[in-house]
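K.L.:
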Amino acid sequence: MYQRIFVPVDDSATSALALAEACKLAKEVGAAVRMVHVVDLAQFGWGGAEFLDAAELQGSIRQAGEQVLSQARVRAEALGVAPEAAIIESWGDRIASVIMDDAGKWGADLLVMGTHGIGGLMHLLLGSVAEGVLKIADVPVLLVRNAGD
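Residues in the sequence shown are numbered consecutively from 1, following full-length UniProt numbering.
(1) Tell me the rounded alpha-carbon separation between Asp102 and Val7.
(2) Is it true that the CB of Val139 sits closer than 8 Å to the CB of Met113?
(3) Look at Thr115 and Arg145 and say whether their C-beta atoms are less than 8 Å apart.
(4) Between Val81 and Cys23, how many whole angstroms is the CB-CB distance? I'm expecting something under 8 Å.
(5) Scan the region 51 to 139 and note each continuous alpha helix (DSSP H) run of 4 residues or more that stays entirely inside, going in chain order.
(6) For Ser15, is the classification buried or exposed, using 16 other Cβ atoms within 10 angstroms of its Cβ as the cut-off for buried?
(7) Count the other CB atoms, across all protein chains shown, that sit within 10 Å of the CB of Met1; report buried if there are 16 or more and exposed otherwise.
(8) Do Ala72 and Met35 have their beta-carbon atoms positioned less than 8 Å apart in this structure?
(9) Within 10 angstroms of the Cβ of Glu21, are there 16 or more other Cβ atoms? Answer buried if so, exposed if not.
(10) Which residues share a DSSP beta bridge with Leu143?
Written out as structure tokens, the structure is:
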């Protein structure tokens, strides 16, 4: 059975549902949980416009990520799970690859993540992190969808 459950989180209701499912499963089987939040700092890595302080913007993005993780930790602990948590920094890499790299290094044997159910033109333009993870995952992936999406 699963021993190391990896959960990418963001600040969406769908992500909260996925985390709850991961915690429920982790409690059932006695698995460890690692939550991660990916921050993409490349969008503010250039020194172009004088009116933008890239370092300050990157710091704000990191701080917002820490807040997402903190809130997710509170939810997990309320469900009886003491997760490991980390911010993963990306510098323009595909988010799905960043997630899978960290999951592999940690030795995850299951990924649990939310999928937002976007379709049509928005999906074509934005792509899907969950779809990207599915394409490259070498471990099982449990996708949780919010019925309200």
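Note that the Cβ used here is the ideal one computed from N, Cα and C, for glycine as well.
Fair warning: this is a prediction, and the values are worked out from it, not measured in the lab.
P.N.:
According to the structure shown:
(1) If I take the Cα positions, the gap works out to 11 Å.
(2) no
(3) yes
(4) 4 Å
(5) Unbroken alpha helix (DSSP H) stretches of 4 residues or longer found wholly inside the region 51 to 139: 54 to 78, 95 to 106, 120 to 126, 129 to 136, given in chain order.
(6) By the neighbour-count rule (16 or more Cβ atoms within 10 Å), Ser15 is buried.
(7) exposed
(8) yes
(9) buried
(10) Met113
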